[in-house]
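Everything on this sheet refers to the single structure shown next.
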Amino acid sequence: MEAPSPAAESGFLLQRADFASPAPVLERPRRPALIRPGAVLPADPRKRFKRVAIIHYWLVTMRGGERVLERLLELFPQADIFTHVYDPAAMSATIRAHKVRTSFIQKLPGAKKHYQAYLPLMPMALEQLDLRGYDLVISSESGPAKGVIPAPDALHLCYVHSPMRYLWDHYHDYREEAGWLRRAVMPVLCHGLRQWDTSSAARVDRVLANSNFIRERVAKAWRREADVVHPPVDPALFAPSDDIDPGYLWVGQLVPYKRADLAIDAFNALGLPLTVVGDGPQAAMLKRRAGPTIRIIPRLSFDELRRAYARCRALVFTAEEDFGIVPVEVMASGRPVIAYGRGGALDSVVEGRTGLFFAQQTTDALIEAVQQLERWLPHFDPAAAIARARDFAPERFDAGVLEALA
Numbered sequence: 005m006e007a008p009s010p011a012a013e014s015g016f017l018l019q020r021a022d023f024a025s026p027a028p029v030l031e032r033p034r035r036p037a038l039i040r041p042g043a044v045l046p047a048d049p050r051k052r053f054k055r056v057a058i059i060h061y062w063l064v065t066m067r068g069g070e071r072v073l074e075r076l077l078e079l080f081p082q083a084d085i086f087t088h089v090y091d092p093a094a095m096s097a098t099i100r101a102h103k104v105r106t107s108f109i110q111k112l113p114g115a116k117k118h119y120q121a122y123l124p125l126m127p128m129a130l131e132q133l134d135l136r137g138y139d140l141v142i143s144s145e146s147g148p149a150k151g152v153i154p155a156p157d158a159l160h161l162c163y164v165h166s167p168m169r170y171l172w173d174h175y176h177d178y179r180e181e182a183g184w185l186r187r188a189v190m191p192v193l194c195h196g197l198r199q200w201d202t203s204s205a206a207r208v209d210r211v212l213a214n215s216n217f218i219r220e221r222v223a224k225a226w227r228r229e230a231d232v233v234h235p236p237v238d239p240a241l242f243a244p245s246d247d248i249d250p251g252y253l254w255v256g257q258l259v260p261y262k263r264a265d266l267a268i269d270a271f272n273a274l275g276l277p278l279t280v281v282g283d284g285p286q287a288a289m290l291k292r293r294a295g296p297t298i299r300i301i302p303r304l305s306f307d308e309l310r311r312a313y314a315r316c317r318a319l320v321f322t323a324e325e326d327f328g329i330v331p332v333e334v335m336a337s338g339r340p341v342i343a344y345g346r347g348g349a350l351d352s353v354v355e356g357r358t359g360l361f362f363a364q365q366t367t368d369a370l371i372e373a374v375q376q377l378e379r380w381l382p383h384f385d386p387a388a389a390i391a392r393a394r395d396f397a398p399e400r401f402d403a404g405v406l407e408a409l410a
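Structure below.
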């Protein structure tokens, strides 16, 4: 029996993640990932570089950016790490095994916990880092990292997780959530930081973006062209399960732009079970909002999270994300994804094969998407999701970075 098309049922004009059929609602110009299947690379470009420095904005928790850093360290095992603030206890053994040098921000009061309060000092802190002797500099940018001053003959490659959200597209959201003092000073401070952010981008030799969505934001904020190299997700870490729970899954930090409130409101209305895994400043509010079919769990171990991925009915992904590693991990576990049809999810989820999109961040749109998925789910093929996740294997990331250095 032929599977019904969720997009056809809904009438949404959505765009497939394989970019085969652009449509007006989600249409945006696209650029393929830098590494192409079958591409033949020249001799290993790493041999040209004797000393490598990797600049990462701050090392205080293990999230997606730090997983990318781990992979860069596997590519460049001789690399030294430079960062603003370093908390070894929060880092993986891979990161701790490398020499880590910090800026003067590390010595300021409360820096490990309140590092973002020192954002106005970070441009100066980066420029004080001594990178003489390093012939390859790789900056890992989400917070300030690229504004270093490499040696004149060094190559500077910037891998962009996102231009700083609090300076650009999420500026008004952050200001609205800030206290009165921070709200008062943000216009002046952020104006200067934006100018520095753009001017420091001009000093970078080559730019890589983690998705087409971020490539477009780089072009708008920095006026720089970027190639796309998706973050690595190791499919070997995930496996499907024969035991599927009746409940849906939401995973992420409980902050406004992640839109956990949207998932909670929709599943309250549907009366279906939903597990929310995450913590953050919205936790108390969301617990009050959650109805009897919704569980909120602050955190799970990696093994527990893998089981949750493999056994969930589907992942609900409500944010406009830069890329979004969680949907790829869920697909690697053989489960489908309901994703908001903007941002990095368009690079990973394939409409009608590995999940479906909803076109607006509204409760009604998400409810309709869940109802569509329930009708389509008997036709879902876990093997298609697993195969799609393999497109983001670490080897593809490695090849993309090395091609940028060739």
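Using this note's numbering, the first residue of the sequence shown is number 5, and each one after it goes up by one. Just so it is clear, CB atoms sit at the ideal spot from N, CA and C, and this is done for glycine as well.
Inspect the beta-carbon positions of P167 and H160 and report whether they are closer than 7 Å. In the sequence shown, counting from the first residue as 1, residue 167 sits at position 163. In the sequence shown, counting from the first residue as 1, residue 160 sits at position 156. No, the Cβ-Cβ distance between P167 and H160 is not below 7 Å.
Check whether the Cβ atoms of I342 and A373 sit closer than 7 Å, and answer yes or no. Residue mapping note: residue 342 aligns to position 338 of the sequence shown, counting from 1. Residue mapping note: residue 373 aligns to position 369 of the sequence shown, counting from 1. The answer is yes: Cβ separation under 7 Å.
Member of G404, L123, P113 whose CA lies at the smallest distance from the CA of V189: Locating residue 189 in the sequence shown gives position 185, counting from the first residue. Taking only the C-alpha atoms, the option nearest V189 is L123.
For L79, I'd like the list of residues in its chain whose CB is within less than 8 Å of its CB, leaving aside the five on either flank, ordered along the chain. What you label residue 79 is simply residue 75 of the sequence shown in a count that begins at 1. So the list reads R50, D402, V405, L406, once near-sequence residues are dropped.
Note down the Cα distance separating A349 from F321, rounded to an integer number of angstroms. Here residue 349 is taken as the residue at index 345 of the sequence shown, counted from 1. Here residue 321 is taken as the residue at index 317 of the sequence shown, counted from 1. Their Cα atoms are separated by approximately 9 Å.
Spatial neighbours of A270 within its chain, please: CB distance less than 7 Å, with the 5 preceding and 5 following residues excluded, ordered by chain position. As a working mapping, residue 270 is identified with position 266 in the sequence shown. T367, L370, I371, V374, listed in sequence order.
Output the distance between the C-alpha atoms of S25 and H383, rounded to the nearest integer angstrom. Counting from one through the sequence shown, the residue named residue 25 turns up at place 21. Counting from one through the sequence shown, the residue named residue 383 turns up at place 379. Because S25 carries a pLDDT of 32, less than 50, the predicted location of this residue cannot be relied on, and the following value inherits that uncertainty. Computed Cα separation, rounded: 22 Å.
When DSSP labels each residue in this structure, what does M108 get in the three-state scheme? Within the sequence shown, the letter at position 104 stands for residue 108. Reading the sequence as shown, one finds Phe at residue 108 and not Met. F108 falls in the helix class under three-state DSSP.
Going by DSSP in three states, R299 sits in which element: helix, strand or coil? As a first step, residue 299 is located in the sequence shown; it is residue number 295 there, counting from the start. In the structure shown, R299 sits in a strand (DSSP, three-state: E or B).
Between which two residues does the beta strand (DSSP E) harbouring I329 extend? Stepping through the sequence shown from its first residue, residue 329 is reached at position 325. From DSSP, I329 is part of no beta strand (DSSP E) but of the alpha helix (DSSP H) over 329-336.
Cα separation between D209 and F53? Residue 209 sits at position 205 when you count from the first residue of the sequence shown. Residue 53 sits at position 49 when you count from the first residue of the sequence shown. Cα to Cα, the separation comes out at about 15 Å.
Contiguous beta strand (DSSP E) assignments of at least 3 residues, all confined to the region 113-146: 140-145
Within a Cβ cutoff of 8 Å, which residues of the same chain sit near L212, ignoring the five residues on either side of it in sequence? Sequence index remark: in the sequence shown, residue 212 carries index 208 (1-based). So the list reads L38, L161, C162, Y163, V164, A230, D231, V232, V233, G404, V405, A408, once near-sequence residues are dropped.
Nearest-angstrom Cβ-Cβ length linking G282 and V255, presumed shorter than 8 Å: As a first step, residue 282 is located in the sequence shown; it is residue number 278 there, counting from the start. As a first step, residue 255 is located in the sequence shown; it is residue number 251 there, counting from the start. Contact holds; Cβ gap of about 6 Å.
Mind listing, in chain order, the continuous beta strand (DSSP E) runs of no fewer than 3 residues lying wholly within the region 164-245? 210-213
As a quick exercise: from V354, N216, Y344, pick the residue whose alpha carbon is nearest that of K262. As a first step, residue 262 is located in the sequence shown; it is residue number 258 there, counting from the start. Taking only the C-alpha atoms, the option nearest K262 is Y344.
Can you list, in chain order, the stretches of the beta strand (DSSP E) that have 3 or more residues and sit fully within the region 305-370? 319-321, 341-344, 359-362
Exposed or buried, which one is E180 when buried takes at least 16 other CB atoms within 10 Å? In the sequence shown, counting from the first residue as 1, residue 180 sits at position 176. It counts as exposed.
Nearest-angstrom Cα separation, counted from H88 out to Y313: Here residue 313 is taken as the residue at index 309 of the sequence shown, counted from 1. Here residue 88 is taken as the residue at index 84 of the sequence shown, counted from 1. For Y313 and H88, the distance between alpha carbons rounds to 34 Å.
Do you know how far the Cα of D246 is from the Cα of A389? Taking the first residue of the sequence shown as 1, we reach residue 389 at position 385. Taking the first residue of the sequence shown as 1, we reach residue 246 at position 242. Answer to the nearest angstrom: the Cα atoms are 15 Å apart.
Among L63, I298, P250, A288, the one whose alpha carbon lies nearest that of N272: Position 268 of the sequence shown, counting from 1, holds the residue named residue 272. Per the Cα distances, I298.
Please name the residue in L266, R346, T279, A93 whose C-alpha comes closest to that of R317. For the purposes of this step, residue 317 is identified with residue 313 of the sequence shown, where counting begins at 1. For the residues L266, R346, T279, A93, the minimum Cα distance to R317 belongs to T279.
Identify which residue in S215, R207, A240 has its Cα closest to the Cα of V353. Here residue 353 refers to the residue found at position 349 of the sequence shown. Out of S215, R207, A240, S215 has the C-alpha closest to the C-alpha of V353.
Who are H60's beta bridge partners in DSSP? As a first step, residue 60 is located in the sequence shown; it is residue number 56 there, counting from the start. In DSSP, H60 forms a bridge with T87, S144.
If Q286 and P244 are in contact, beta carbons under 8 Å, what's the gap, nearest whole angstrom? Counting from one through the sequence shown, the residue named residue 286 turns up at place 282. Counting from one through the sequence shown, the residue named residue 244 turns up at place 240. About 32 Å; that fails the 8 Å criterion.
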